[in-house]
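Q: Handing you this structure, nothing more for now.
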Amino acid sequence: MLDVKGLRVSYGEAVALRGVDLRVEPGSVVSLVGSNGAGKSTLVKALMGMQPISGGTVTFDGDDITGRPATDRPALGIALVPEGRRLFKDMSVRDNLLIGLHHPVARRRASGALDEVYELFPILGRRPRQLAGTLSGGEQQMVALGRALISRPSLLVLDEPSLGLAPIVVREVFATIERVTAAGVTVLLAEQNMQKALELSDRGYVLADGTVVLEDTGAALLKSDSVRKAYLGDR
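Counting with UniProt numbering, you get residues 1 to 235 for the letters of the sequence shown.
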């Protein structure tokens with residue numbers, strides 16, 4: 001589905017990504033994990049066409065999409081849940097969800113999709129007119145997920161979905177993501193909470209200083225002594 005080879009990104013003379021290789025198979029959950037500044041969000045932005053690429057290739061469903069603009073992603077079937085959710089807090093839940101259908105191609109394949117989002121997240125179906133800004137952090141993340149899913153993407157990309165949330169809300173958010181993956185959606189997840197992300201993932205990539213330093217199944221990475229000592233606080 002998604003195949004990234006030798007991806008490089010620079011900010012002026014500062015190198016942010018140093019030849020990253022990544023693969024996401026259909027129906028899988030893949031995590032990009034690592035500390036702050038490792039390059040996770042830069043990689044997401046590059047994949048979404050929001051950050052210029054200085055080298056390497058990005059292939060999606062066999063098509064080279066390297067350098068294609070972010071506005072092409074909805075038509076390709078790629079949807080993003082951005083860091084910080086970026087909801088319109090003075091707009092209703094329903095209106096925020098419908099923003100996910102702004103692209104004509106997304107609208108054509110989304111007949112009945114609003115009802116599907118409400119089925120996946122029943123609490124949103126009970127509050128369609130409630131202002132998004134009055135929801136809890138976990139509920140707002142459901143709206144952000146629903147806004148992306150309403151276009152029925154082939155690939156859902158999430159950028160730091162638990163960032164800045166209280167632990168109890170983090171658990172709620174990951175339970176929500178688990179419901180999405182159980183529905184068969186292919187997911188690429190960039191996340192600082194390595195424990196939670198890898199528990200959910202078929203495969204994980206550990207980034208450090210813009211480079212993939214480890215790659216394995218989520219379960220194997222959780223058992224890795226080097227991962228546990230460097231990132232999970234084991235002594």
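Glycine included, each C-beta is placed from N, C-alpha and C at the ideal position.
Here the structure is a predicted model, which means the values were calculated and not measured.
Is Glu172 near Gln141, with beta carbons less than 9 Å apart?
A: yes
Q: Between Glu215 and the rest of its own chain, which residues show a CB-CB distance below 6 Å, the 5 nearest in sequence each way excluded?
A: Tyr205
Q: Hey, out of Gly164, Pro153, Ile99, whose CA is closest to Gly137's CA?
A: Gly164
Q: Nearest by alpha-carbon distance to Arg152: which of Lys89, Val30, Gly62, Ile78 is it?
A: Ile78
Q: If you reduce the DSSP assignment to three classes, tell me which class Arg235 lands in.
A: The predicted model places Arg235 with a pLDDT of 47, which falls under 50 and marks its position as unreliable, so this point remains unresolved.
Q: Kindly indicate which three-state DSSP category Ala219 falls into: helix, strand or coil?
A: Helix at Ala219.
Q: Hey, which unbroken runs of the beta strand (DSSP E) at 3 residues or more fall wholly within the stretch 88-169?
A: 155-159
Q: For the alpha helix (DSSP H) that Ala197 lies in, which residues bound it at each end?
A: According to the DSSP assignment, Ala197 belongs to the alpha helix (DSSP H) that extends over 194-200.
Q: Answer yes or no: do Glu116 and Leu149 have a C-beta to C-beta separation smaller than 9 Å?
A: yes
Q: From the DSSP secondary-structure annotation, give me the bridge partner or partners of Glu191.
A: Looking at the DSSP assignment, Glu191 forms a beta bridge with Val33.
Q: Does the beta-carbon of Thr134 have 16 or more other beta-carbons within 10 angstroms, so that it is buried, or is it exposed?
A: Flag for Thr134 reads exposed.
Q: Quick check: what's the CA-CA separation for Ser41 versus Ser154?
A: The alpha-carbon atoms of Ser41 and Ser154 are separated by roughly 20 Å.
Q: Skipping 5 residues on each side, what residues in its chain have a beta carbon closer than 7 Å to that of Pro69?
A: Gly49
Q: State yes or no: is the C-beta of Tyr231 within less than 9 Å of the C-beta of Val33?
A: Going by C-beta atoms, Tyr231 is nearer than 9 Å to Val33.
Q: What is the rounded straight-line gap between the Cα of Lys229 and the Cα of Arg127?
A: 44 Å
Q: Measuring straight from C-alpha to C-alpha, what distance separates Ser226 and Asn193?
A: 16 Å
Q: What is the rounded straight-line gap between the Cα of Arg18 and the Cα of Pro52?
A: 14 Å
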